[in-house]
Ligand SMILES: *Cc1c(COP(=O)(O)O)cnc(C)c1O
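Numbering (our numbering), first residue to last: 9 to 439.
Take a look at the structure:
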């Protein structure tokens, strides 16, 4: 009943889980979120990797903008408490800190897939000899479609141009050595490396620093999709010398369904006037933007890629969440996250002892954030549905993977314990 994990001896009982919660320095943050209910009690919400929960402060941030809109109409661009003209700037510093970027390298705009496309317009510039894109196999579907359509848009064939690195036969995650080998092998033809910093399916975290180094030595541009990384793991985009990145804010960053996304472009590209880009008025130099002249003069920050005026309501929700992140800090979150996920791993192993090792964790032990993905061998989607019926909200990925993300801001050790009890009961009932 005991196991050693990072100095703590875990125990599989509720009193122990409650004790860990009591000692948790971030325990009060759970109170700051609305936890979805099931039969009058908190659900075990393990899908913060898909849609983060709503901070209780979000409504007041939104209400402020609704009130200012009601009061001022168009004048709110200047007269609102937080003038809309520059509202997006209120998000920049805090978001930059979350991803390890300089503020000038960071902008909140659009949606994730849109940002990937806009950044590829500038950074995927294939030539006859150098036209390939390297990505991980089983990239998120939207990323696959984005990459394929970019390749076709430039007149190349996906078959020739897309290199997808797969896990080896019988393995669930990708070996970094296989990525490095593919980069080396294609060093004369590779134009772009575009990988999900944390794989959405397996939860594997990639070594973005080394991939960037190796990509650059091969003459490639290196970009990352950070949908499952931002707000989950430590990121140092600037120091790692990453060329560009994009991420959404509605997963770990709790900014609400479809909320505004983030984009990063490394400082060294910002003033490069040779870079092609799609332009819009919000990327125009600020001082002369409203002269409405026909010549586009790009800003010299990541805002250069911003095309449209900012979606204030979704930015207000994002601001509410960033204020919480800023107060807690990624370091404290990551520390708790390691403990919570280690406890979940322990609980899964405890179930395995009683149920013939039917649960196979496919997330790597070392390179992971808070998510654990596991295969429930011998059980189908009805297991997932019964978890939902019993107040646990994980998610299901075809063909047979259950993903659980205990997130450090609002999940508790007791959540993890309760998850274990409910899952074991279901497995027992099913025989
Ligand atoms: C969630 C997610 C997306 C979603 O893209 P949207 O443009 O926000 O709809 C894309 N890529 C990855 C890797 C994701 O995890």
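Note that the Cβ used here is the ideal one computed from N, Cα and C, for glycine as well.
Because the structure is a prediction, the values reported are computed rather than measured.
query                                                                                                                                                                                           : result
One question on the structure: do residue 258 and residue 236 come within less than 7 angstroms of each other, judged by their Cβ atoms?                                                        : no
Got a sec, what are the start and stop residues for the alpha helix (DSSP H) residue 326 sits in?                                                                                               : 320 to 336
Compare the beta carbon distance of residue 421 and residue 145 with 7 angstroms and say whether it is the shorter of the two.                                                                  : no
Using a Cβ-Cβ cutoff of less than 6 angstroms, which residues in the same chain neighbour residue 135 once the five nearest sequence positions on both sides are dropped?                       : none
By DSSP's criteria, residue 1 is part of a beta bridge. Which residues make up the other side?                                                                                                  : For the chain, the structure presents residues 9 to 439; residue 1 sits outside this window and is missing.
Are the Cβ atoms of residue 125 and residue 154 separated by less than 7 angstroms?                                                                                                             : yes
Going along the chain, which unbroken runs of the alpha helix (DSSP H) with 4 or more residues stay wholly within the stretch 338 to 403?                                                       : 338 to 362 and 389 to 397
For the stretch 91 to 167, which segments carrying the beta strand (DSSP E) assignment without a break, of at least 3 residues, lie completely within its bounds, in sequence order?            : 114 to 116 and 140 to 144
Taking the straight line between their C-alpha atoms, what separation do you get for residue 219 and residue 195?                                                                               : 13 angstroms
Return the residue from the list 239, 217, 233 and 260 that minimises the CA-CA distance to residue 247.                                                                                        : 217
What residues match up with residue 254 in a beta bridge as DSSP calls it?                                                                                                                      : 233 and 271
How is residue 245 classed by DSSP in three states: helix, strand or coil?                                                                                                                      : helix
Can you look up residue 51 in the DSSP assignment and give me helix, strand or coil?                                                                                                            : coil
Taking DSSP as the reference, what is the three-state secondary structure of residue 415?                                                                                                       : coil
Would residue 92 be called buried (16 or more neighbouring beta carbons within 10 Å of its own) or exposed?                                                                                     : buried
Quick check on the burial criterion: 16 or more other C-beta atoms within 10 angstroms. Buried or exposed for residue 453?                                                                      : This structure gives no information on residue 453, because the portion of the chain shown stretches from 9 to 439.
Are the stretch 274 to 283 and the stretch 362 to 381 touching by the rule of at least three beta carbon pairs closer than 8 angstroms?                                                         : no
Alpha carbon to alpha carbon, how far is residue 174 from residue 294? Give it in angstroms, no decimals.                                                                                       : 45 angstroms
Tell me which residue opens and which closes the beta strand (DSSP E) that residue 170 is part of.                                                                                              : 170 to 173
Give the DSSP-derived three-state secondary structure of residue 176 in the structure shown.                                                                                                    : coil
Secondary structure at residue 185, three-state DSSP: helix, strand or coil?                                                                                                                    : helix
Could you tell me whether the stretch 174 to 190 touches the stretch 97 to 108, where touching means 3 or more Cβ pairs closer than 8 angstroms?                                                : no
So, is residue 431 buried or exposed, given that buried needs 16 or more other C-beta atoms within 10 angstroms?                                                                                : buried
Below 6 angstroms, is the gap between the Cβ of residue 277 and the nearest heavy atom of ligand 1?                                                                                             : no
Here's the rule I'm using: 16 or more other beta-carbon atoms within 10 Å means buried, otherwise exposed. How should residue 71 be labelled?                                                   : exposed
With a threshold of 16 other CB atoms inside 10 Å of the CB of residue 2, please say whether the residue is buried or exposed.                                                                  : What is shown of the chain runs 9 to 439, which leaves residue 2 out entirely.
Based on the DSSP output, what are the partners of residue 200 in its beta bridges?                                                                                                             : 141 and 229
Just to confirm the assignment, what range does the alpha helix (DSSP H) spanning residue 438 have?                                                                                             : 421 to 438
Does the stretch 394 to 410 come into contact with the stretch 336 to 343, if we say contact requires no fewer than three beta-carbon pairs (one atom in each stretch) closer than 8 angstroms? : no
Among 268, 333, 418 and 426, which one has its Cα closest to the Cα of residue 37?                                                                                                              : 418
Using the Cα positions of residue 361 and residue 48, report the straight-line distance between them to the nearest angstrom.                                                                   : 32 angstroms
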